[in-house]
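Enquirer:
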Amino acid sequence: MRKKAFLIAGLLVALLLAGVVSNFASGSPDGLDHAAREGCTFNADDEITGGACMAQREGEHQLGDSPLADYAIAGIDNEFLATGLSGVAGVLITFAIGGGLFWLLRRRDRASS
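Using mature numbering (1 follows the signal peptide of the UniProt record, and there is no 0), the letters of the sequence shown correspond one by one to residues -25 to -1, 1 to 88.
Written out as structure tokens, the structure reads:
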């Protein structure tokens, strides 16, 4: 019973962090984006106007139009809600896959005993 309560509490904390706290993450480029932009100059619209950097060769991602692209759910106009729901969906999908794998491994271990 304690294990079940621990899993539920962990899931609730992860859902809270993904659904609410994720909206307060920095919108600034991360380390990789910063390194890729090094050496270029940008205008106010964040378009490259000169210099030489890796970011000049970047293209659209193959999954750029997927439902969870850019840390938001496509089609929801409210940015706070779209980001929060995307985080919640990610946690639930990860929990389902991880739980399913643990269930399969536990079942397999019992069968071999």
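All C-beta atoms, glycine included, are put in the ideal place defined by N, C-alpha and C.
Report yes if the CB atom of Ala57 is closer than 8 Å to the CB atom of Ile51, and no otherwise.
Expert: Indexing the sequence shown from 1 puts residue 57 at position 82. Indexing the sequence shown from 1 puts residue 51 at position 76. Their beta carbons are under 8 Å apart, which means Ala57 touches Ile51 by this criterion.
Enquirer: So, do the region 54 to 72 and the region -21 to -6 have three or more beta carbon pairs nearer to each other than 8 Å?
Expert: Yes, since at least three Cβ pairs between the region 54 to 72 and the region -21 to -6 fall closer than 8 Å, the two stretches touch.
Enquirer: Mind checking Arg81: buried by the 16 CB within 10 Å criterion, or exposed?
Expert: Counting from 1 along the sequence shown, the entry for residue 81 is found at position 106. Its Cβ having fewer than 16 others within 10 Å, Arg81 is exposed.
Enquirer: So, do the region 66 to 77 and the region 8 to 19 have three or more beta carbon pairs nearer to each other than 8 Å?
Expert: Verdict: no, contact absent.
Enquirer: Between Ala86 and chain C, is the shortest Cβ-Cβ distance under 8 Å, so that the two count as touching?
Expert: Among the chains of the structure shown, chain C does not appear; only one protein chain is present.
Enquirer: Between which two residues does the alpha helix (DSSP H) containing Gly62 stretch?
Expert: Locating residue 62 in the sequence shown gives position 87, counting from the first residue. 54 to 87 is the extent of the alpha helix (DSSP H) around Gly62.
Enquirer: According to the Cβ coordinates, are Ala(-1) and Cys15 closer than 8 Å?
Expert: In the sequence shown, counting from the first residue as 1, residue -1 sits at position 25. In the sequence shown, counting from the first residue as 1, residue 15 sits at position 40. Cβ distance not < 8 Å, so Ala(-1) and Cys15 don't count as in contact.
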